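Visitor:
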């Protein structure tokens with residue numbers, strides 16, 4: 112819940128429309144397209160057939176990489192100068208908890224347990240000096256991208272609204 116007690120709010124405390132969230136109702140269309148494309152690539156057994164000069168130089172072998180099941184680290188961060196007072200983290204985590212996964216026919220298979228998630232607590236300060244290479248992530252999630260790509264829009268929305276309100280209130284109190 113906060114940096115003061117180090118506890119998280121239960122997912123049950125939020126009124127989330129998880130069914131529609133899983134179906135992409137609250138997501139930007141391109142995330143729905145990406146999820147569909149990755150699912151189709153996984154179903155066809157597609158493996159990366161190209162080359163990356165940069166990755167070759169780093170010694171990374173991309174031959175046959177399973178693109179449809181690619182695992183990524185996604186980071187949520189703020190770029191408000193000079194800082195943001197972070198809020199909405201528990202709601203964003205509840206969204207990930209309830210809607211990470213895929214449909215097998217009409218049945219939703221929740222894969223949240225396969226994610227590695229790190230997150231700050233509400234009340235943390237995230238500083239930003241204007242350099243996009245020096246952001247401070249407030250949430251990091253590592254796992255199969257197609258399982259949580261649809262959640263970028265709603266999780267950002269939860270973080271953005273709550274963080275803007277918390278930061279503005281903090282600035283008024285300091286003034």
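Residue numbers (my numbering): 112 to 286. Don't be surprised by glycine CBs; every beta carbon is placed ideally from N, CA and C. Computed from a predicted model, the values in this text were never measured in an experiment.
1. Looking at residue 178 and residue 157, is the spacing between their C-beta atoms short of 8 Å?
2. Could you name the residues that DSSP lists as bridge partners for residue 186?
3. Just grab the DSSP bridge partners of residue 121 for me.
4. Give me, in chain order, the residues of the same chain whose beta-carbon lies closer than 6 Å to that of residue 159; leave out the 5 immediate sequence neighbours on both sides.
5. Count the other CB atoms, across all protein chains shown, that sit within 10 Å of the CB of residue 200; report buried if there are 16 or more and exposed otherwise.
6. Using the Cα positions of residue 244 and residue 117, report the straight-line distance between them to the nearest angstrom.
7. One question on the structure: do residue 269 and residue 203 come within less than 8 Å of each other, judged by their Cβ atoms?
8. Assuming residue 248 and residue 132 are in contact, meaning their beta carbons sit under 8 Å apart, how far apart are those beta carbons, in whole angstroms?
9. Ends of the alpha helix (DSSP H) at residue 212?
Guide: Let me spell this out:
1. yes
2. 251
3. Answer is none; residue 121 lacks a bridge partner.
4. 173, 176, 178
5. buried
6. 28 Å
7. yes
8. Not a contact, Cβ separation roughly 22 Å.
9. Looking at the DSSP string, residue 212 is not in any alpha helix (DSSP H); the run it does join, the beta strand (DSSP E), is 212-215.
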